[in-house]
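For the sequence shown, numbering that gives the first Met the number 0 begins at 0 and goes up steadily by one.
Virtual Cβ for every residue (Gly too), placed ideally from N, Cα, C.
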Amino acid sequence: MMNEKDIATPKRTKQILDKYGFSFKKSLGQNFLIDTNILRRIVDTAELTDNTGVLEIGPGIGALTEQIARRAKKVVAFEIDQRLLPILKETLSPYEHVNIIHQDVLKSNVKEVIEAEFDKGQDLAVVANLPYYVTTPILMKLLEEKLSIRTIVVMIQKEVAERIAAKPGTKDYGSLSIAAQYYAKAETAFIVPKTVFVPQPNVDSAILKLTLREVPPVDIMDEDFFFEVVRASFTQRRKTILNNLSSHFVNSFTKKDMESCLMEGEVDPKRRGESLSMEEFAILSNLLLKKGIV
Numbered sequence: 000m001m002n003e004k005d006i007a008t009p010k011r012t013k014q015i016l017d018k019y020g021f022s023f024k025k026s027l028g029q030n031f032l033i034d035t036n037i038l039r040r041i042v043d044t045a046e047l048t049d050n051t052g053v054l055e056i057g058p059g060i061g062a063l064t065e066q067i068a069r070r071a072k073k074v075v076a077f078e079i080d081q082r083l084l085p086i087l088k089e090t091l092s093p094y095e096h097v098n099i100i101h102q103d104v105l106k107s108n109v110k111e112v113i114e115a116e117f118d119k120g121q122d123l124a125v126v127a128n129l130p131y132y133v134t135t136p137i138l139m140k141l142l143e144e145k146l147s148i149r150t151i152v153v154m155i156q157k158e159v160a161e162r163i164a165a166k167p168g169t170k171d172y173g174s175l176s177i178a179a180q181y182y183a184k185a186e187t188a189f190i191v192p193k194t195v196f197v198p199q200p201n202v203d204s205a206i207l208k209l210t211l212r213e214v215p216p217v218d219i220m221d222e223d224f225f226f227e228v229v230r231a232s233f234t235q236r237r238k239t240i241l242n243n244l245s246s247h248f249v250n251s252f253t254k255k256d257m258e259s260c261l262m263e264g265e266v267d268p269k270r271r272g273e274s275l276s277m278e279e280f281a282i283l284s285n286l287l288l289k290k291g292i293v
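Next comes the structure, spelled out in structure tokens:
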């Protein structure tokens, strides 16, 4: 059921934007949702309880924030655009357990924010409609910093969601898939058509659900080196893994020695990076490290 007071109705959104004379900044990737059913499905996907603390990134005029606030114990939202602060103060005034932080999340110490804003050991989730232009940096920051978060549920560009959740041997599978899936189980929950936004973006979106892992799915000797090997393997997708890795580690190994390493790791040198599983990359990176490629 739609509540007449919901922020995310076309009529109310227009009223709020008109009242404040707000104009969208393309540079900030601002697209506001005007469909409460979609917003509720996003919140459902995060499986919030009345004890959950939620981090939001880019609350806009508060459409998603409002729906989260109705289910969660506390919401802390990062907003970079100062023009939105007075709007949020008004639209979210009924929700005393919402705190807006005027910061760029990419420059923030998120761990410190969590410690300051939430109870120790509290169930935590990230729920957000992320700006397209900074989707990957934000997600990787949240994952790499190993925060005490149970799940990340975000609306992002459909194409990026497909890449993050992709399986080996598919066209979407790449270094981003492996990086994200090293830290979390990834799934696309549902697709969001571009028609439910104002202004309307050029592409459809998807709701990506990341369930963070307590331990990585593979054993590796050095995380940084593992990801270097993965990235190098996808430098030129049409090249074999032998050619990509030989080019990248040209100062460490001859092509013949690299071929021997691949064979020892039971990886056919003629395969392409997109065909290797995370487990195979783990075995290979550990082997290369032992052979002295540093």
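Assigned exposure category for residue 154 - 16 Cβ within 10 Å defines buried: Label assigned to residue 154: buried.
Within 10 angstroms of its Cβ, does residue 120 collect 16 or more other Cβ (buried), or is it exposed? Exposed, since its Cβ has fewer than 16 Cβ neighbours within 10 Å.
Is the beta carbon of residue 203 closer than 8 Å to that of residue 170? No; because the gap between Cβ atoms is not below 8 Å, this pair is not in contact.
Return the first residue and the last residue of the beta strand (DSSP E) that residue 111 is part of. Per DSSP, residue 111 lies in no beta strand (DSSP E) segment; the continuous alpha helix (DSSP H) that holds it begins and ends at 109–116.
Should the region 250–257 be regarded as contacting the region 176–193, the criterion being three or more beta carbon pairs within less than 8 Å? Verdict: no, contact absent.
Residue 1 versus residue 276 - alpha carbon distance: Low per-residue confidence applies at residue 1: pLDDT is 47, beneath 50, and the placement is therefore not dependable, though the value from the model is reported in the following sentence. Each residue's alpha carbon lies about 45 Å from the other.
Taking the DSSP output, what are the residues bridged to residue 154? In DSSP, residue 154 forms a bridge with 128 and 206.
Starting from residue 55, trace the beta strand (DSSP E) both ways and give me its first and last residue. Segment 52–56, the beta strand (DSSP E) holding residue 55.
Helix, strand or coil at residue 201 according to DSSP, with G and I counted as helix: In the structure shown, residue 201 sits in coil (DSSP, three-state: anything other than H, G, I, E or B).
For residue 213, is the classification buried or exposed, using 16 other Cβ atoms within 10 angstroms of its Cβ as the cut-off for buried? Burial call: exposed.
Looking only at its own chain, which residues have a Cβ that is under 6 Å from the Cβ of residue 54, when we skip the five neighbours before and after it? Excluding positions up to five away in sequence, the list reads 75 and 125.
Start-to-end residues for the alpha helix (DSSP H) that takes in residue 88: Per DSSP, residue 88 belongs to the alpha helix (DSSP H) from 84–90.
Count the other CB atoms, across all protein chains shown, that sit within 10 Å of the CB of residue 111; report buried if there are 16 or more and exposed otherwise. The C-beta of residue 111 has fewer than 16 other C-beta atoms within 10 Å across all chains shown, which makes the residue exposed.
Relative to the alpha-carbon of residue 264, which residue among 251, 127 and 281 has its alpha-carbon at the smallest distance? Measuring from the Cα of residue 264, the nearest candidate turns out to be 281.
Do the region 76–90 and the region 32–48 touch if we need at least three Cβ pairs shorter than 8 Å? Segments in contact, no.
Write down the C-beta distance between residue 173 and residue 233 rounded to the nearest angstrom, noting that I regard them as a contact closer than 8 Å. About 5 Å separates the CB atoms of residue 173 and residue 233; that is less than 8 Å, so the two are in contact.
Residue 1 - DSSP class collapsed to helix/strand/coil: Bear in mind that the predicted position of residue 1 carries a pLDDT of just 47, short of 50, making it unreliable; the figure below should be weighed with that in mind. Collapsing the DSSP output to three states places residue 1 in coil.
So, under 8 Å CB-CB, residue 105 and residue 133 are touching, yes? Tell me the CB distance rounded to an integer number of Å. The Cβ separation is near 7 Å, so the contact holds.
Please state if the CB of residue 48 and the CB of residue 118 are separated by a distance shorter than 8 Å. In this structure, residue 48 does not lie closer than 8 Å to residue 118 by Cβ.
Taking residue 50 and residue 198 to be in contact with their CB atoms under 8 Å, please state how far apart those CB atoms are, rounded to whole angstroms. That belief does not hold up - the Cβ atoms of residue 50 and residue 198 are roughly 37 Å apart, past 8 Å.
So is residue 194 buried or exposed if we call it buried at 16+ other beta carbons inside 10 Å? Residue 194 comes out exposed.
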